[in-house]
């Protein structure tokens with residue numbers, strides 16, 4: 001950025017946009033950089049209130065849970081450098097999901113079953129309030145196997161020490177089960193069925209078919225693979241970081257992962273290794289058949305439902321029993337180059353945790369930043385209502401901090417002017433890149449320019465467009481454009497976008513942006 005204070009502008013149809021740049025995969029191996037560390041004291045780009053450790057690489061959130069009133073966040077971490085490698089389970093705790101205390105790594109390579117790496121996994125709270133962690137280990141043969149760890153001291157609310165099971169690995173590929181040895185990872189939170197047996201799923205694939213392999217156990221130690229997966233979809237490739245949980249069909253409260261009562265649906269989320277996108281479906285779980293069936297109309301492809309349409313991957317939810325909510329975590333990868341990551345000495349953050357619940361329609365999920373984030377609000381700046389005409393830009397004055405929580409609402413009129421939506425415009429991300437913040441339309445773009453330099457050479461545009469679709473129904477496109485977020489030509493400058501499930505005629509369009 002040219003200036004390191006916060007500048008915000010409201011705009012209506014201005015500026016130039018650029019094309020789409022593909023997101024790099026998360027696990028590129030840079031062996032010569034895995035132990036390179038920066039000593040630079042100049043850190044203008046670190047976030048103010050998103051979770052990130054003081055230095056080095058992070059990726060997937062792991063083992064998220066609440067125990068004795070303390071929130072726990074484990075995460076994939078390279079203790080030696082700012083690129084992926086040397087992965088351990090780092091560990092931090094919090095009382096409010098905002099302010100975090102770092103602890104020593106909880107899980108690191110020490111057994112034959114994880115000597116080549118301790119990869120992602122999940123936490124389960126067993127009867128008697130006993131936490132347990134399943135995680136993927138890489139054994140001496142580079143097989144992906146599933147391991148168990150439990151707290152050394154249950155009286156410690158911070159769970160600072162963990163003990164690995166001497167029976168590890170508890171689940172492993174072999175000649176009998178014919179599981180792909182390099183595609184068997186990321187166990188999710190286990191759930192207890194009506195038959196008092198535990199279930200857990202692990203992401204995998206067979207050729208191009210993605211699947212959630214199902215295991216059952218009576219004692220949480222001895223596990224038997226089911227004959228069929230919980231669910232599978234052809235042509236989707238490897239399923240990473242699967243998440244499976246119930247949601248209530250009424251109200252905003254969350255449910256424990258083992259809740260199978262009436263008035264519930266289930267959600268299956270998978271992170272697709274091929275595209276680095278996540279998709280979820282809402283459907284029905286048959287406890288008798290141990291099968292998950294998405295509801296009719298659910299799309300299990302690139303046009304399916306997502307938690308997030310930007311940089312967001314390897315997400316994981318947990319049930320917060322203290323506040324009766326389901327909380328979602330997700331990893332945000334860097335836009336800077338690998339060389340720049342090494343120079344600044346860190347890479348990756350965790351997105352702001354979000355509360356998650358089922359929409360009244362029962363067809364998709366709704367999410368919102370956890371209410372605790374509002375405790376960070378200090379100085380309120382309020383802008384009176386303004387009329388935005390085509391080509392106008394209004395600076396939001398009085399904001400001098402480097403962080404902000406911005407809420408804007410838009411009243412739109414004269415919908416007859418809306419541009420007709422071409423039937424071929426089915427890819428919202430591509431449409432956002434082609435019709436960027438500079439391409440004037442009849443109704444849009446209108447929105448926010450965040451982190452803008454005074455000369456407006458740098459900014460991140462977040463904006464809406466309204467189109468007229470079939471049967472004279474209106475379609476809202478929301479875009480987030482990084483094309484001018486930095487003058488650094490090496491940065492990823494992808495434009496992201498999604499079609500919103502709202503009717504702008506009857507519902508006011510609002511935008512909340514957390515600038516950190």
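Numbering (the UniProt record's numbering), first residue to last: 1 to 516. Where a beta carbon is used, it is the ideal one built from N, C-alpha and C, also for glycine.
Worksheet item: How long is the line joining the alpha carbons of residue 374 and residue 230, rounded to whole angstroms?
Response: 39 Å
Worksheet item: Using CA coordinates, which residue listed in 66, 55, 47 is at the minimum distance from residue 324?
Response: 66
Discussion item. If the criterion is Cβ atoms closer than 8 Å, does the pair residue 252 and residue 357 meet it?
Written reply: yes
Worksheet item: Residues in its own chain within less than 7 Å of residue 431 by CB, not counting five upstream and five downstream?
Response: 425, 477, 497
Worksheet entry | Beta carbon of residue 144 nearer than 8 Å to that of residue 182 | yes
Discussion item. At the level of alpha carbons, what is the spacing between residue 511 and residue 445?
Written reply: 13 Å
Practice prompt. Using 10 angstroms around the beta-carbon of residue 341, count the other beta-carbons present and answer buried if the total reaches 16, otherwise exposed.
Written response: buried
Discussion item. Measuring straight from C-alpha to C-alpha, what distance separates residue 81 and residue 388?
Written reply: 47 Å
Item to complete: Per DSSP, which residues does residue 408 bridge with? Please list them.
Response: 511
Worksheet item: residue 438 CB to nearest chain B CB: under 8 Å?
Response: In the structure shown, chain B does not exist; there is a single protein chain.
Worksheet item: Whose C-alpha, out of 435, 469, 483, is nearest the C-alpha of residue 456?
Response: 483
Item to complete: Using DSSP bridges, identify the partner residues of residue 429.
Response: Residue 429 pairs with nothing; no bridge assigned.
Fill in: Helix, strand or coil at residue 373 [DSSP, three-state]
helix
Worksheet entry | Whole-number beta carbon distance between residue 305 and residue 280, since they are thought to touch under 8 Å | 5 Å
Fill in: Cβ distance (whole Å) where residue 556 is taken to contact residue 240 below 8 Å
Past the boundaries of the shown model lies residue 556; the chain is included only from 1 to 516, so the question cannot be answered.
Fill in: Of the residues 169, 291, 151, 160, the one placed nearest residue 115, counting alpha carbons only
169
Worksheet item: Three-state secondary structure (DSSP) at residue 339?
Response: helix
Practice prompt. Mark residue 93 as exposed unless 16 or more other C-beta atoms lie within 10 angstroms of its C-beta, in which case mark it buried.
Written response: buried
Worksheet item: Span of the beta strand (DSSP E) holding residue 239?
Response: 239–248
Discussion item. With H, G and I counted as helix, E and B as strand and the rest as coil, what does DSSP make of residue 434?
Written reply: helix
Worksheet item: So the beta strand (DSSP E) residue 145 belongs to, where does it begin and stop?
Response: 144–151
Worksheet entry | Simplified DSSP assignment, three categories, for residue 415 | helix
Worksheet item: Nearest CA to the CA of residue 47: which residue from 153, 157, 417, 403?
Response: 403
Worksheet item: Is residue 44 near residue 90, with beta carbons less than 8 Å apart?
Response: no
Worksheet entry | Reference residue 42, options 345, 98, 330, 287, closest by Cα | 345
Worksheet item: Under 8 Å, do residue 474 and residue 418 count as touching if we go by C-beta distance?
Response: yes
Practice prompt. List in chain order: all unbroken alpha helix (DSSP H) runs of 4+ residues lying wholly within the segment 60–143.
Written response: none
Worksheet item: So which of 214, 130, 481 has the shortest CA-CA distance to residue 146?
Response: 214
Discussion item. Could you check whether residue 329 and residue 61 sit closer than 8 Å to each other, using their CB atoms as the reference points?
Written reply: yes
Discussion item. Give me, in chain order, the residues of the same chain whose beta-carbon lies closer than 7 Å to that of residue 152; leave out the 5 immediate sequence neighbours on both sides.
Written reply: 161, 162, 163
Discussion item. Given this structure, state the Cα-to-Cα distance separating residue 23 from residue 486, to the nearest angstrom.
Written reply: Bear in mind that the predicted position of residue 23 carries a pLDDT of just 29, short of 50, making it unreliable; the figure below should be weighed with that in mind. The straight-line gap from Cα to Cα measures roughly 16 Å.
Worksheet item: Taking the continuous beta strand (DSSP E) assigned at residue 213, which residues delimit it?
Response: 209–217
Fill in: 7 Å CB neighbourhood of residue 505 in its chain, flanking five on each side removed
415, 474
Fill in: 6 Å Cβ shell around residue 347 - same chain, five flanking residues per side excluded
57, 82, 334, 341
Worksheet item: What did DSSP end up calling residue 471 once you bin it into helix, strand or coil?
Response: helix
Discussion item. How far does the beta strand (DSSP E) with residue 45 in it extend, from its first residue to its last?
Written reply: Per DSSP, residue 45 belongs to no beta strand (DSSP E) and is neither H nor E.
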